[in-house]
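Beneath this line is the structure, given in structure tokens, with notes to follow.
Residue numbers (the numbering used here), protein chains in the order written: chain P, 1 to 194; chain S, 195 to 400; chain W, 401 to 785; chain D, 786 to 1036; chain L, 1037 to 1421.
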């Protein structure tokens, strides 16, 4: 198996125009749009990395990352770690599903958790959370709801169903509604001292 | 192969088990059931269910010093400790409130591992069920207290090892104290030395 | 006068409708709260969409808020049949991250536990597969009878039947006493006999063969491309066992073979598991015989047993994988130098093996979809995390 | 243990009851309770880890069949007992409530394991419901993670004791016009709507988790991401940071 | 001995004689009918109740566990407790269900099962109604259950129920044919359709000259019994209620007593089918030493034990294989069997044994070869080092 640095030169030589960066033991692909080309090279060249073990997202506060672990089943070698970065506001990375079927669910998972949009994915829906869920729960700034406090939506729903809501709970919900706030489990914003 | 022989062989297996269930030992195809409320399986010493607080001799003398380590280490955070204060507002080395939420506890035993004072251990008691989770399944300090004898009963090996270690530490501490006292005396007698010896190290830190 | 043609299928007046049914989340044989949206034409499956997330317990998020050791008991709850293998993978990932050496005896203990777990898993899976086939619980009960015997050992060693929380970074929590080793040896002596009985009950049974052979055939190329791992991959004839490929822990010291199927149908997946159990028994026999004396914890890690929160691996990332009974179980951990990991990801074999479920099921009957799902061997705790 | 398999002793309470109501009603009550307690058919419904222990309870070693409760019915219509065995996630909760509504009276619920009682170890997760008792009434809570199979048998006996204490004329499902159906929560943008059903459950001040144990997320607040681009720190020592000594017991 | 043999007949006679002393004759005739009806009406449900217990205990034993033993001595009161509970359970009619058929189905399903009791000879002179077309009556009546099952499935407005009902109808139609054809040889040899005459035709050899001990009788018995098992929807042919596939099949939406009625019908059916199988092939109440009714019950319960044994062992067949088995395997075999029985009738001595046995064995072998899809494939497994 080649060392990561050798691999970098090999890929850069084989696919002109791609730039890779060494990040620890992994290769960072500078331009996400080259991903498909690089992956095809990894799969079809003599490296024979036919097996995409793991696809995952990660949130680094300033950017999102998608990390791929490739192995070769035929040559029993690996791993080659490839990472792709994208910005938080409009995260878009090409999908590897056409090349590796195994990426299908894992990309859906990364989309569900981090909101990374994999372009070209045949069926990019939320996989764990329900449709209509808002927010990307694994991002570091996701704020959970406070499950002990009812909001006005809950109160309205309950009353619509004919359930009596006790006064103090209702008052609290109305208060929140007036302030235009959601009931959150966390105080927003302040970093906690470690 | 004749159609059906596989099925017949399979049928023989269940028939064999049916017949042997009347006279064979549990391990050899007999009845494997342990009729629970009357008969019980032998308790494994290391079995852990919920934590309890250990005291020596009388319940006043509990080992917990309200250091909050277990509460911080607890993965699902089910331990809640408030230190007891005396009238002057000076913190005492015992908990005023020690609640374990059995509805959150995951029986992992990390509190037991982390406790530096041998104060919290995992119990064998599993017959806990209640209709009211708020009143009955939030265990308070007094519900959690169990004696060292009980600990010896459920986990003899561990308990004696811990007791031996504690005794040793105690003796060391006493010896150190005696040494300190002697040194003090010597100091006083000599009225020469400047510094008393270091206070003894805690027993459980080892 | 117009002429009417009559045909049973489709065209003409006799138009049939497809029937859409939901199998799950509460269904006797979806192995938990898995759901399949199935469109049927008669009893034949036209389309099948798996719906997941009914047991999404936020394992990854919780682990990112937890001390490294604190996640160990949570990994037990991933694949709740095989807590020891889950511990194994996670411990390996963190050991890679913090560069910790593991003493030899601890390696042996880990391997013994991992292989015992494999026995437990495979035997239960076969039991459940038969349940899905419609046998009235008997194979499951036989399987669970043996499982109880192994769980007794887990309980004696680690203190819990299922959620062992036994491995620690740099070793294991408790040592194996000679009595326990003797009991494991006793189990090893009896297990082959049980397996034989189990096989007599099942392997040649015509109904089982009728139901399982040539059903849900997974071609090797698709299996590799879809990242299928574990017995499912090997049933399709691909020789890939991480114990051999990575030689992690001390597996290179043990002599064992990797059984390979040829067709990749449900029957092969069933039988490969039986053969794998036999190989596991071989590993166990060697391990129990050769286990060396010595430490069970790396010296460096002993202080952290008492204070897990102070364990702070250096900044970096690690990916470690083990051959769990269900397939490749990988842990991807990124440390930021604090007591909690920055990113923690589990590559769950049950989740990824399910990618091709629809491909396997289309054109088969409803009853086949159930056994195909059973032969994939999913555990919801791991699938949804 | 005061468990009696046949419940045939006449205790003092029963005697006084006999004096009050006469023999017919009491015998009817007894017969009725005996019938229900001896034939509790659970629903074949497992959610997570605890379900495996539930299956183990039905298996040879523990054999729930001895209590006449081994007929795990796959259909909610035919089952008397719902064992909520495992974590109820927010995605699953509506289905659990629906299943409860579909069950025929008299119906009982055992929450098995910490997760279904209160969320258990996963209580801080964004998709985990903090206890199914927010939507449906529970008869027996059975803590443990997971509870041993024996503990489930104990929970079953606890339920039997509860049934023994019931009377025909006061049990609610024989009251006119009452059917225990609870509204099924909807999926909202951040969780379930409503968060709980105040008819069944109300938050308690003493148990406010946020105040007692802190916020669910510790490091949502890490404000600095690790920079893997930098080369690893020179190996000062191979060991990670040394352990801080535990606090001194001596003050 | 003679009194013991005729104890039920004599006691009925005694009651009637007693009534005859002070009542007019037409009342006594009515009472005679009433006593018979009462006996069946009590026997049916009680049999059913204790069959459930027997099944639970026997399967329990097969699975190395005890089975119900806490409700009464050895769990003897368990069926009663179940009954009390079922009676007091809420009766649910789903929204949008067809109320009439939902209500009628469980009642309709019990009637034929009770009617079938009428022609079964429980002992010497103990046939409730000695119809001269007894066998035909039995087959006609018992096959009507499928209408009730289909009503139940349609009336429930549940997709799983409909699937179950469809399966039931298909299964009934396919299995009725080989069942009827397998009875033909018996009728051929006995020369009567009356169950009593058929039993009498098996007299001889000290009460052991049963039809099952002839080649054609053996094959007919196996086929009849298999079809009977399929007819009462028991494992391995329990597709209409296949728990692991379609939840609870046609009775998914039934609760309380209505569900109990389905159960009752199933168990009474298995009793009557076993009873008829015993009558047709095992010599009915014929047998040495013991009273005739005891012989009958022994044989019947032995067959029921086999049914329970099947349930405890075998997985379920898939729906298309079920059809295939009926049409491609059992059907041709029964036709050959009729031919064999005819040859048996016209030949004598050792030759009849030789001819019929070789014809049947040959055709069995040929059919096995022709239905290659139902025989297990040989598989080879490779091992990678």
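Note that beta-carbon positions come from the ideal geometry of N, C-alpha and C, so glycine has one too.
- Query: What did DSSP end up calling residue 1149 of chain L once you bin it into helix, strand or coil?
  - Reply: helix
Checklist line | Neighbour list for residue 925 of chain D in chain S, Cβ cutoff strictly below 9 Å | finding: 323, 324, 325
Q: Go through its chain and collect everything with a Cβ distance to residue 54 of chain P's Cβ below 6 Å, but skip five positions before and after it.
A: 69
* To do: Please confirm if residue 209 of chain S has its CB atom under 8 Å from at least one CB of chain L.
  => yes
Check: Of all the residues that make up the region 598–624 of chain W, which are near chain P by a beta-carbon distance shorter than 8 Å?
Finding: 622, 624
Exercise. What separation, rounded to the nearest whole angstrom, lies between the Cα atoms of residue 700 of chain W and residue 885 of chain D?
Worked result: 53 Å
Review point. What separation, rounded to the nearest whole angstrom, lies between the Cα atoms of residue 168 of chain P and residue 983 of chain D?
Key: 11 Å
Can you list, in chain order, the residues of its chain with a C-beta nearer than 6 Å to that of residue 857 of chain D? Leave out the 5 residues immediately preceding and following it.
827, 829
- Nearest-angstrom Cα distance between residue 212 of chain S and residue 937 of chain D? If you take the alpha carbons of residue 212 of chain S and residue 937 of chain D, they lie about 27 Å apart.
Quiz prompt | Three-way DSSP call (helix, strand, coil) for residue 99 of chain P in this model | solution = coil
Which listed residue (D:968, D:940, D:815) has its alpha carbon closest to that of residue 161 of chain P: D:968
- Task: Find the nearest neighbour of residue 875 of chain D within the set W:672, W:464, W:454, judged by alpha-carbon distance.
- Result: W:454
| Which chain P residues sit within Cβ distance under 7 Å of residue 974 of chain D? | 132, 133, 134
Query raised in the report: Nearest to residue 658 of chain W by CA position, among W:672, W:664, W:665, is which residue?
Result: W:672
Going by beta carbon distance, what residues of the same chain come within less than 6 Å of residue 1144 of chain L, once the five residues before and after it are set aside?
1184
Q.
Short of 8 Å Cβ to Cβ, which residues in the region 705–720 of chain W face chain S?
A. Answer in chain order: 705, 706, 707, 708, 709.
Burial state of residue 476 of chain W, where buried means 16 or more other Cβ atoms lie within 10 Å: Classification of residue 476 of chain W: buried, given that the 10 Å Cβ count is 16 or more.
_Here's a check: name, in chain order, each residue in its chain whose Cβ is nearer than 6 Å to the Cβ of residue 505 of chain W, leaving out the five neighbours to either side._
These residues qualify, in order along the chain: 692, 694, 696.
For residue 427 of chain W, go through chain L and note every residue whose CB falls closer than 8 Å to its CB, in chain order.
Within chain L, the residues near residue 427 of chain W are 1283.
Quick one: any contact between the region 1255–1271 of chain L and the region 1359–1374 of chain L, if contact means 3 or more CB pairs under 8 Å?
-> Yes, since at least three Cβ pairs between the region 1255–1271 of chain L and the region 1359–1374 of chain L fall closer than 8 Å, the two stretches touch.
Three-way DSSP call (helix, strand, coil) for residue 435 of chain W in this model:
Correct three-state label for residue 435 of chain W: strand.
Next item on the list: Taking 8 Å as the cut-off, decide whether the C-beta atoms of residue 866 of chain D and residue 847 of chain D are in contact.
Entry: Contact annotation: residue 866 of chain D and residue 847 of chain D have beta-carbon atoms that are not nearer than 8 Å.
**Prompt:** Taking just the CA atoms, how far does residue 520 of chain W sit from residue 724 of chain W?
**Reply:** 12 Å
Following the continuous alpha helix (DSSP H) through residue 351 of chain S, name the residue where it begins and the one where it ends.
-> Its alpha helix (DSSP H) spans residues 350–384.
Just reading off the beta strand (DSSP E) that residue 292 of chain S is part of, what are its end residues?
285–295
Inset, instruction - Just the chain L side, please: which residues come within less than 9 Å of residue 199 of chain S by C-beta, in chain order? - result: Per Cβ cutoff of 9 Å: no residues; residue 199 of chain S is ~10 Å from chain L at best.
Checklist entry - Taking 8 Å as the CB-CB limit, is residue 1005 of chain D close to chain S? => result Because the pLDDT at residue 1005 of chain D is just 49, under 50, the model does not fix this residue reliably, and the point stays unresolved.
Rank L:1213, L:1331, L:1364, L:1071 by C-alpha distance to the C-alpha of residue 1399 of chain L and give the top, closest one.
L:1364
Check: Does the region 481–497 of chain W touch the region 1239–1249 of chain L, meaning 3 or more C-beta pairs lie closer than 8 Å?
Finding: A contact between stretches requires three or more CB pairs, one per stretch, nearer than 8 Å, and the region 1239–1249 of chain L fails this requirement with the region 481–497 of chain W.
Proximity test, Cβ basis, 8 Å: residue 776 of chain W and chain D | no
Original post:
Just checking my contact of residue 902 of chain D with residue 926 of chain D at CB under 8 Å: how many whole Å lie between their CB atoms?
Top reply: Indeed they touch by this definition, with Cβ atoms about 5 Å apart.
- prompt: Over what stretch of residues does the alpha helix (DSSP H) that includes residue 418 of chain W continue unbroken?
  reply: Counting along the chain, residue 418 of chain W falls outside any alpha helix (DSSP H), and DSSP gives it neither H nor E.
query: Cβ atoms of residue 861 of chain D and residue 880 of chain D: under 8 Å apart, would you say?
result: no
Three-state secondary structure (DSSP) at residue 569 of chain W?
coil
Practice prompt. Taking 8 Å as the cut-off, decide whether the C-beta atoms of residue 912 of chain D and residue 458 of chain W are in contact.
Written response: It is a contact, given that the beta carbons lie within the stated cut-off.
inquiry  = Let me confirm a value: residue 614 of chain W is counted as buried when at least 16 other C-beta atoms fall within 10 Å, else exposed. Which label applies?
reply    = exposed
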